[in-house]
Amino acid sequence: MADASVIDPIANMQRLTTLNKVLTSKAPIAQTPKQMVWALNKAKLYRYVPMVLPEQRHPTPLLLVFAVMNRPYIIDLRPGHSYVEYMLKKGYDVYLLDWGCPGPEDKNMNFGDYTLEYLPRAIRKLKAVSRVEEFSMLGWCIGAIIATSYAALRPDDGLRNLILLTAPLDFSDKETITFARWTAEPNFDVDKVLQTFGNMPAEFIDYGAKALKPVENYVGNFLRLWDNLDDPKVVEAWHAMNTWVTDNIPMAGATFRQLVVDLYRNDRLMKGEWVLRGERVDVGKIRANLLTVIAEGDHITPPCQSRAIMGRVSSKDKELFSIPGGHIGIMAGSGAAKVTWPHIEGWLGPRSG
Amino acid sequence: MAKDATGNGAQFDPMGSLRQMRDGYLDVWAKAMVETVNTEAYAKATGSMMDAYLAVSSPFRDAVEKAMLQALQQLSMPSRVDFIGLAERLTNVEMRLDDMDAKLDRIEGMFSKPATAARRPAAAPPTPANQERVRRGPRPSRRKRTK
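Chains as they are written, first to last, in this note's numbering: chain A, 86 to 438; chain Y, 3 to 149.
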């Protein structure tokens with residue numbers, strides 16, 4: 086197949102056309118119908134249009150909270166391969182909290198603002214719209230830090246089920262966590278960077294994430310596309326993922342500073358020393374049912390960062406689920422629909438009645 | 003992979019062999035690079051590069067910002083700082099609106115309690131336990147009948 090296309094000029098022209106299209110255009114993403122029900126500053130709360138009849142729906146809505154420095158549409162990447170679509174078909178009332186893109190005026194926004202100002206307001210609206218008192222929350226990556234902090238600081242606010250995906254919560258193992266080494270005190274002057282830029286530029290965050298696996302991200306990824314240019318399914322998946330990967334947003338300066346100083350350098354969350362708006366975050370106060378999902382091949386959040394929470398919370402119903410795969414792959418990769426999504430749904434279903 | 007006309011097996015595919023070699027080389031390179039970026043030396047080197055970049059770019063950025071500010075003032079145009087202040091004020095207004103929205107929701111909830119009760123969320127989907135209950139029918143009342 087490949088040997089024929091090497092000498093076939095028409096086939097090669099088609100391949101080049103496909104390559105050009107994929108590299109220079111954006112794939113149609115986030116197509117599941119939704120309605121904006123709340124907005125504050127750049128943050129928006131969306132409610133997805135249900136796909137099943139009311140009597141078949143779970144009464145407990147699910148709130149999705151993604152990281153603050155990436156676009157959240159990775160959980161609704163493309164039709165037929167969307168976690169949101171999957172959960173809607175399973176009868177969930179799904180909400181998505183999109184933090185938006187911080188501007189220069191947001192450089193002082195920190196984890197306290199996200200956790201105790203924006204998230205509670207969004208949750209209030211969710212409860213009012215769905216007319217419920219209890220809800221489930223799924224936090225992914227930095228979104229999991231916010232979700233965990235909220236669950237610890239507001240344990241009586243109706244949070245019934247907490248799902249943490251690749252949650253960077255424990256920063257004690259400095260040897261395993263590459264970011265901890267890069268952002269350590271003598272190597273990285275966080276104040277100088279933020280003094281210059283205000284917010285942490287998206288390009289720097291993107292470089293940081295890609296540099297953890299430089300060959301895969303800068304070379305292997307494009308070779309995989311080149312090798313599969315004749316396969317429309319692979320090209321479509323690659324195009325959608327590349328659209329998300331290249332759509333980066335900056336991180337609010339004060340939030341980035343807290344991430345580096347409080348968490349990566351001083352591990353204040355797990356030590357019980359993290360203070361948000363004058364309130365100490367004590368993960369021992371978390372009582373919600375807890376599912377922690379770990380990606381075994383995660384270079385961004387190594388598994389050691391997510392395990393410690395299991396022994397610290399007061400939740401009686403808790404489960405640790407470990408899956409082979411990477412930080413994003415476990416939820417957006419080809420195996421997500423076969424392994425991760427059914428497991429989360431299987432756990433959440435009986436707890437959402 | 004192409005097969006020969008007699009069906010005696012796969013033809014020699016030079017591209018396939020090259021691709022295998024390439025993938026093998028990439029694997030080795032990838033592992034070596036992951037180890038490299040995990041070293042203290044790499045962390046120090048990137049830190050130094052960042053310092054150098056900031057040292058070179060900061061004065062230039064400051065100069066451009068000052069010049070731009072002066073130019074905008076001369077033209078009686080709002081500057082970046084003015085827009086930032088305006089955006090912060092808008093966010094505060096939005097917060098007050100959200101507070102009012104919360105109060106309105108609460109008031110609406112107080113007035114429409116009967117309606118809310120009627121519009122409660124759908125019942126839980128059938129589980130083995132409640133399916134069993136449905137099949138058996140409602141439990142008989144324990145209250146004694148009075149004549």
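Note that beta-carbon positions come from the ideal geometry of N, C-alpha and C, so glycine has one too.
Keep in mind the model is a prediction, meaning the values are calculated, not measured.
Residue span of the alpha helix (DSSP H) that contains residue i, given as start and end
i	result
N105(A)	P94 to T109
K129(A)	Note, K129(A): premise wrong, no alpha helix (DSSP H); beta strand (DSSP E) at A128 to Y133.
W323(A)	P317 to V330
V83(Y)	R82 to F113
S391(A)	C389 to R392
P427(A)	T425 to L433
L310(A)	N306 to D312
Distance, residue j Cα to residue i Cα
i	j	result
R24(Y)	I248(A)	40 Å
P286(A)	A96(A)	41 Å
V424(A)	L71(Y)	55 Å
N272(A)	T48(Y)	8 Å
V137(A)	G176(A)	6 Å
L256(A)	C226(A)	Checking the displayed sequence, the identity of residue 256(A) turns out to be Phe instead of Leu. Distance between the alpha carbons of F256(A) and C226(A) is about 14 Å.
Q116(A)	P61(Y)	45 Å
A124(Y)	K403(A)	Note that A124(Y) scores 43 on pLDDT, short of 50, meaning its location in the model is unreliable; the coordinates nonetheless yield the value given after this. Spanning the two alpha carbons is a distance of roughly 26 Å.
T8(Y)	W311(A)	At T8(Y) the pLDDT is 44, less than 50, meaning the model places this residue with poor confidence; the figure from the coordinates comes in the next sentence. So the two alpha carbons sit approximately 31 Å from each other.
K33(Y)	I160(A)	29 Å
R209(A)	D178(A)	15 Å
K295(A)	Y303(A)	8 Å
R82(Y)	G283(A)	13 Å
M102(Y)	R108(Y)	10 Å
E321(A)	F113(Y)	51 Å
A373(A)	L250(A)	15 Å
L433(A)	Y203(A)	25 Å
Q99(A)	Y349(A)	47 Å
L148(A)	Q22(Y)	45 Å
K129(A)	N94(Y)	16 Å
R216(A)	P139(A)	13 Å
S419(A)	A380(A)	14 Å
L99(Y)	E90(Y)	14 Å
Closest Cα partner of residue i within the set the options
i	options	result
A152(A)	V275(A), I413(A), V107(A) and L201(A)	I413(A)
P409(A)	M336(A), S437(A) and V378(A)	V378(A)
P388(A)	R397(A), L375(A), A213(A) and S407(A)	S407(A)
L344(A)	L433(A), L279(A), A380(A) and E202(A)	L279(A)
E364(A)	I290(A), P118(A), N155(A) and A236(A)	A236(A)
A417(A)	Y180(A), M395(A) and P157(A)	P157(A)
L182(A)	Y131(A), M154(A) and F289(A)	Y131(A)
G228(A)	M336(A), N105(A) and D367(A)	M336(A)
E301(A)	G18(Y), M17(Y), S19(Y) and W31(Y)	W31(Y)
R163(A)	L201(A), A112(A) and G185(A)	A112(A)
F264(A)	V346(A), K192(A) and R239(A)	V346(A)
8 Å Cβ cutoff met for residue i and residue j
i	j	result
F371(A)	S400(A)	Sequence check: residue 371(A) is Ile here, not Phe. Yes, they are a contact pair.
S167(A)	L361(A)	no
P299(A)	M35(Y)	yes
Y171(A)	A422(A)	yes
L254(A)	I385(A)	no
E96(Y)	N195(A)	no
P118(A)	V107(A)	no
G338(A)	H143(A)	no
A252(A)	I230(A)	yes
A207(A)	W323(A)	no
V366(A)	I394(A)	no
P189(A)	I86(Y)	yes
Endpoints, the beta strand (DSSP E) within which residue i is located
i	result
L149(A)	L147 to V150
W123(A)	K119 to L125
S407(A)	K403 to I408
inquiry  = To test your reading of the DSSP string, which unbroken alpha helix (DSSP H) runs of 4 or more residues are found completely within the stretch 353 to 378 of chain A?
reply    = Counting whole runs of 4 or more residues, the stretch 353 to 378 of chain A contains the alpha helix (DSSP H) stretches 353 to 356.
ask   = Unbroken alpha helix (DSSP H) runs of length 4 or more, entirely within the stretch 9 to 64 of chain Y: which are they?
value = Counting whole runs of 4 or more residues, the stretch 9 to 64 of chain Y contains the alpha helix (DSSP H) stretches 16 to 39.
Residues from the stretch 285 to 305 of chain A in contact with chain C, defined by Cβ distance under 7 Å = Although the question refers to chain C, the structure presented lacks it and instead comprises the protein chains A and Y.
ask   = Mind pulling the alpha helix (DSSP H) runs of 4 or more residues that sit fully within the stretch 215 to 294 of chain A?
value = The DSSP assignment places complete alpha helix (DSSP H) segments of no fewer than 4 residues inside the stretch 215 to 294 of chain A at 227 to 238, 263 to 267 and 275 to 282, in order along the chain.
query = Which runs of the beta strand (DSSP E) spanning at least 3 residues fall entirely within the stretch 163 to 209 of chain A, listed in chain order?
reply = Fully enclosed beta strand (DSSP E) runs of 3 or longer: 179 to 183.
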